[in-house]
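Novice: Numbering (the numbering used here), first residue to last: 52 to 671.
Every residue, glycine too, gets a C-beta built ideally from N, C-alpha and C.
Model, not experiment: these values are computed from the prediction.
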Ligand SMILES: Nc1ncnc2c1ncn2[C@@H]1O[C@H](COP(=O)(O)OP(=O)(O)OP(=O)(O)O)[C@@H](O)[C@H]1O
Ligand SMILES: [Mg+2]
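1) Among 68, 85, 105 and 76, whose alpha-carbon lies nearest the alpha-carbon of residue 666?
2) For residue 341, which three-state DSSP category applies?
3) Rounded C-beta distance between residue 514 and residue 655? I'm assuming under 8 Å.
4) So for residue 213, helix, strand or coil by DSSP?
5) Spatial neighbours of residue 161 within its chain, please: C-beta separation below 8 Å, excluding the five flanking residues on both sides.
6) For the alpha helix (DSSP H) containing residue 270, list its first residue and its last residue.
7) Examine ligand 2 and report whether any of its heavy atoms sits within less than 7 Å of the Cβ of residue 176.
8) In whole angstroms, give me the CA-to-CA distance for residue 338 and residue 308.
9) Given the structure, does residue 96 come close to ligand 2, in the sense that its CB is under 7 Å from one of the ligand's heavy atoms?
10) Any idea which residues DSSP pairs residue 186 with across the strands?
11) Across the stretch 545-563 and the stretch 607-615, are there enough close Cβ pairs to call them in contact, namely three or more that are closer than 8 Å?
12) So residue 598 and residue 606 are supposed to be a Cβ contact under 8 Å. How far apart are they, rounded?
13) Here's a check: name, in chain order, each residue in its chain whose Cβ is nearer than 6 Å to the Cβ of residue 372, leaving out the five neighbours to either side.
14) From residue 647 to residue 460, what distance separates their C-alpha atoms?
15) Hey, how far is the Cα of residue 116 from the Cα of residue 133?
16) Which two residues bound the contiguous alpha helix (DSSP H) that contains residue 670?
17) Starting from the C-beta of residue 657, find all residues in its chain whose C-beta is less than 6 Å away, skip the five residues before and the five after it, and write them out in chain order.
18) When we look at the beta-carbon of residue 652 and count the other beta-carbons within 10 Å, is it buried (16 or more) or exposed?
19) Would a C-beta distance cut-off of 8 Å place residue 79 and residue 245 closer than the cut-off?
20) Tell me whether residue 247 is buried or exposed, calling it buried when 16 or more other Cβ atoms sit within 10 Å of its Cβ.
21) Got a sec, what are the start and stop residues for the alpha helix (DSSP H) residue 283 sits in?
22) Is residue 247 near ligand 2, judged by its Cβ being under 7 Å from some heavy atom?
23) Check the C-beta distance from residue 404 over to residue 144 and give it rounded, since I have them as a contact under 8 Å.
24) Just to confirm, does residue 93 get its C-beta within under 7 Å of one of the non-hydrogen atoms of ligand 1?
25) Below 7 Å, is the gap between the Cβ of residue 32 and the nearest heavy atom of ligand 2?
26) Should residue 278 be counted as a contact of ligand 2 given a C-beta to heavy atom distance under 7 Å?
27) For residue 432, count neighbouring C-beta atoms within 10 Å of its own C-beta (all shown protein chains included) and say buried if the count is 16 or more, exposed if not.
28) Measure from the alpha carbon of residue 625 to the alpha carbon of each residue in 77, 543 and 575, then state which is nearest.
29) Hey, how far is the Cα of residue 578 from the Cα of residue 237?
30) Does the count of Cβ pairs from the stretch 249-266 and the stretch 68-79 closer than 8 Å reach three?
31) Excluding five sequence neighbours on each side, which residues of the same chain lie with their C-beta closer than 7 Å to the C-beta of residue 478?
32) Using a 10 Å radius around the Cβ and a threshold of 16 neighbouring Cβ atoms, would you call residue 202 buried or exposed?
33) On a Cα-Cα basis, can you pick out the residue from 58, 530, 638 and 512 that is closest to residue 662?
34) Can you have a look at residue 207 and say buried or exposed, based on whether 16 or more other CB atoms are within 10 angstroms of its CB?
35) Are the Cβ atoms of residue 430 and residue 628 separated by less than 8 Å?
36) Grab the span of the beta strand (DSSP E) containing residue 493 for me, first residue to last.
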């Protein structure tokens, strides 16, 4: 039993208080298919989100199987299925892969046979069996809605909330999906299905219809009584009729008639305290109306009389055996899988999607191999001279003043080349890093929201991203460092430390961009912010032009490129280049250990941002 009692939700917008839901009260019995209908913007989606626990009500309570959800905790992820307004699944996966993934993330089935059986059952239930191998991106609107339902059905939820899964389809598909919902409500006697729609066709397939108007319930009863209540010829005329009176008056009118309708049609009372007077068939029809409502008398009276004429049928419904209710115990197989199982599933799914995304794969390959080549082009001529210089210095042959002066000039040139080469490597590595992570979470935010509601752990999600992106960080930074070293050997400094600093620069930028991607709502905004972040690395590193001394402590802590570049140059401390490099940079160079420490703080901040952003609900 789902009891929604006196739910009110207001929103402050531009210093105005808007009431999105106003004293919404209704009860739904197990085995029931309910349609919530109403004009666009009347609060249907808002109400579904309140029931799903995605939005918090200001007043009122929601009870599920006798449990007050606000006080005793939300529904278990396996009890609730929420199919959002726009179907969401990874476009590059096939229908079967999507369902497989939902099963892996949401259930703990004992063996592969059980998994296969559940996938087959879900495919059959939703009529998707012929489409198992079809990629999501080529599915039609109706097929996508079926998939959206299938993804929620894997835990056989007792409460299935569907937001507009029948809308925007051709009449045939709309009818098919409504039939499917009807079947699904019948094949589990404990299940309640609520479908939100603004369409008023196929209403006869629902057990009851709830009409919402400007956040108020203005009718809740069987579809056959809808026309009678509103005194209209056909259901489609209900909306124009609604426009003829204020929502407040419609709402008040319904409150007066509600009990008689519930009693007449054997529907569950909204409040157990009133159950006695609302017992089916015994209810007296509303007998009086206040004077200011007399202009409504005619239509209200017609409606009331119609109810009277329906009461016989209502009695029949009353005779139906009442469905037994019991606590929905969570079966072991529907317990949320472990951290490791979820991480493993997300990681293997991410790799599969990456392999299918040819454009992304080619871009990665082009960057991994192209960027180091770019660095080598600049270093190819200069680095051999650097090598010669360092040999000359070591051979102690600098005796004459002219030679000394030439040597110093060359040393300065070499210092500038070495500094530039290292900076170029660092900046290109951070550019690749931002490309790795800028869209990683924001690009699949809707899927994440759906899966998190289904029990996905934010920690598993972030861990899978760390492992996935970690591969790129390692490949990009190490290849950059080793390739340049192989083709332009002789750049001074400790290779091992330089590689570690490149790796950490990449990890820091990847992590911060992942954090941005977790916090931003749209992938576009996240990408732009990450691009700016990379764009500022070069000027703010102080490597090209020194920052004013007063600004250095403000900017430098945030510039990953500075720390990686600076730490790498510092490893040349024992060579003649160090002084030269210091002369050409004019920035204070920091030790590699401090650089690694600061970069690891960047990594930590990015991961915390990603975790917080993943955990925070960001439904539209
Ligand atoms: N976060 C929000 N900020 C401001 N207004 C909001 C917010 N969420 C919803 N609303 C407003 O609340 C009202 C109800 O929105 P809701 O999405 O519930 O409508 P709906 O009945 O589902 O409409 P539709 O049939 O078009 O999907 C709308 O006027 C909407 O603009
Ligand atoms: Mg909506």
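Specialist: Per the coordinate set shown:
1) Here the question's residue 666 lines up with position 615 in the chain shown. For the residues 68, 85, 105 and 76, the minimum Cα distance to residue 666 belongs to 105.
2) Along the chain shown, one-based indexing puts residue 341 at 290. Since pLDDT at residue 341 reaches only 32, below the 50 mark, its modelled position is unreliable, and the value read off the structure follows with that caveat. In this structure, residue 341 counts as coil in the three-state DSSP scheme.
3) The residue labelled residue 514 in the question sits at position 463 within the chain shown. The residue labelled residue 655 in the question sits at position 604 within the chain shown. Rounded to the nearest angstrom, the Cβ distance from residue 514 to residue 655 is 15 Å, too far for a contact under 8 Å.
4) On the chain shown, residue 213 is found 162 positions in, with the first residue counted as 1. Strand at residue 213.
5) Residue 161 sits at position 110 when you count from the first residue of the chain shown. Same-chain partners within the cutoff: 384.
6) As a first step, residue 270 is located in the chain shown; it is residue number 219 there, counting from the start. Secondary structure note for residue 270: it is in no alpha helix (DSSP H), and the uninterrupted beta strand (DSSP E) holding it is 267-272.
7) Position 125 of the chain shown, counted from the start, is the residue given in the question as residue 176. No; taking the cut-off as 7 Å, the Cβ of residue 176 has no heavy atom of ligand 2 nearer than that.
8) Here residue 338 refers to the residue found at position 287 of the chain shown. Here residue 308 refers to the residue found at position 257 of the chain shown. Model confidence at residue 338 stands at a pLDDT of 30, short of 50, so the residue's coordinates are unreliable; what they give is reported in the following sentence. Answer to the nearest angstrom: the Cα atoms are 10 Å apart.
9) Your numbering for residue 96 matches position 45 in the chain shown. For residue 96, the distance from the CB to the nearest heavy atom of ligand 2 is below 7 Å.
10) Within the chain shown, residue 186 is the residue found at index 135, counting from 1. According to DSSP, which records beta bridges pairwise, residue 186 is partnered with 145.
11) Pairwise C-beta distances place the stretch 545-563 in contact with the stretch 607-615, as three or more of them are shorter than 8 Å.
12) The count along the chain shown starts at 1 and reaches residue 598 at position 547. The count along the chain shown starts at 1 and reaches residue 606 at position 555. Between residue 606 and residue 598 the Cβ distance is about 6 Å, and since that is below 8 Å, they are a contact.
13) Residue numbering aside, residue 372 sits at position 321 when the chain shown is read from its first letter. Confidence is the limiting factor: at residue 372 the pLDDT is only 40, short of 50, which leaves the residue's position unreliable and the question unanswerable from this model.
14) Sequence index remark: in the chain shown, residue 647 carries index 596 (1-based). Sequence index remark: in the chain shown, residue 460 carries index 409 (1-based). Rounded to whole angstroms, residue 647 to residue 460 spans 32 Å at the Cα level.
15) Locating residue 116 in the chain shown gives position 65, counting from the first residue. Locating residue 133 in the chain shown gives position 82, counting from the first residue. C-alpha separation (whole angstroms): 18 Å.
16) For this step, residue 670 is matched to residue 619 along the chain shown. That residue, residue 670, is in no alpha helix (DSSP H); it is neither H nor E in DSSP.
17) Locating residue 657 in the chain shown gives position 606, where the first residue counts as 1. Excluding sequence neighbours, residue 657 sits near 562, 563, 565 and 566.
18) Here residue 652 corresponds to residue number 601 of the chain shown, with the count starting at 1. When all chains shown are included, residue 652 counts as exposed.
19) Here residue 79 corresponds to residue number 28 of the chain shown, with the count starting at 1. Here residue 245 corresponds to residue number 194 of the chain shown, with the count starting at 1. It is a contact, given that the beta carbons lie within the stated cut-off.
20) On the chain shown, position 196 is the one that residue 247 refers to. A residue is called buried once 16 or more other Cβ atoms fall within 10 Å of its Cβ, and residue 247 is buried on that count.
21) Counting from one through the chain shown, the residue named residue 283 turns up at place 232. No alpha helix (DSSP H) contains residue 283, which DSSP labels as neither H nor E.
22) Mapped onto the chain shown, residue 247 falls at position 196. Set against 7 Å, the gap from the CB of residue 247 to the closest heavy atom of ligand 2 is smaller.
23) Stepping through the chain shown from its first residue, residue 404 is reached at position 353. Stepping through the chain shown from its first residue, residue 144 is reached at position 93. Contact flag correct, Cβ pair sits at about 7 Å.
24) Locating residue 93 in the chain shown gives position 42, counting from the first residue. Yes, ligand 1 has a heavy atom inside 7 Å of this Cβ.
25) Nothing about residue 32 can be reported from this structure: the residues present for the chain run from 52 to 671 only.
26) The count along the chain shown starts at 1 and reaches residue 278 at position 227. Distance from the C-beta of residue 278 to the nearest heavy atom of ligand 2 is not below 7 Å.
27) Here residue 432 refers to the residue found at position 381 of the chain shown. Around the Cβ of residue 432, a 10 Å sphere holds fewer than 16 other Cβ atoms; the residue is exposed.
28) Residue mapping note: residue 625 aligns to position 574 of the chain shown, counting from 1. It is 543 whose Cα lies nearest to the Cα of residue 625.
29) Looking up residue 578 in the chain shown gives position 527. Looking up residue 237 in the chain shown gives position 186. Distance from the CA atom of residue 578 to the CA atom of residue 237, rounded to whole angstroms, is 46 Å.
30) In the pairwise beta carbon analysis, the stretch 249-266 is classified as touching the stretch 68-79: at least three pairs are separated by under 8 Å.
31) Residue 478 sits at position 427 when you count from the first residue of the chain shown. If we look at residue 478 and ignore the five residues flanking it on each side, its Cβ neighbours are 588, 589 and 612.
32) Here residue 202 refers to the residue found at position 151 when the chain shown is read from its first residue. With 16 or more other Cβ atoms within 10 Å, it is buried.
33) The residue labelled residue 662 in the question sits at position 611 within the chain shown. Ranking 58, 530, 638 and 512 by Cα distance to residue 662 puts 512 first.
34) As a first step, residue 207 must be located in the chain shown, where it is residue number 156. Residue 207 comes out buried.
35) For the purposes of this step, residue 430 is taken as the residue at position 379 of the chain shown. For the purposes of this step, residue 628 is taken as the residue at position 577 of the chain shown. Against a cut-off of 8 Å, the Cβ pair of residue 628 and residue 430 comes out as no contact.
36) Walking along the chain shown from the start, residue 493 turns up at place 442. No beta strand (DSSP E) contains residue 493, which DSSP labels as neither H nor E.
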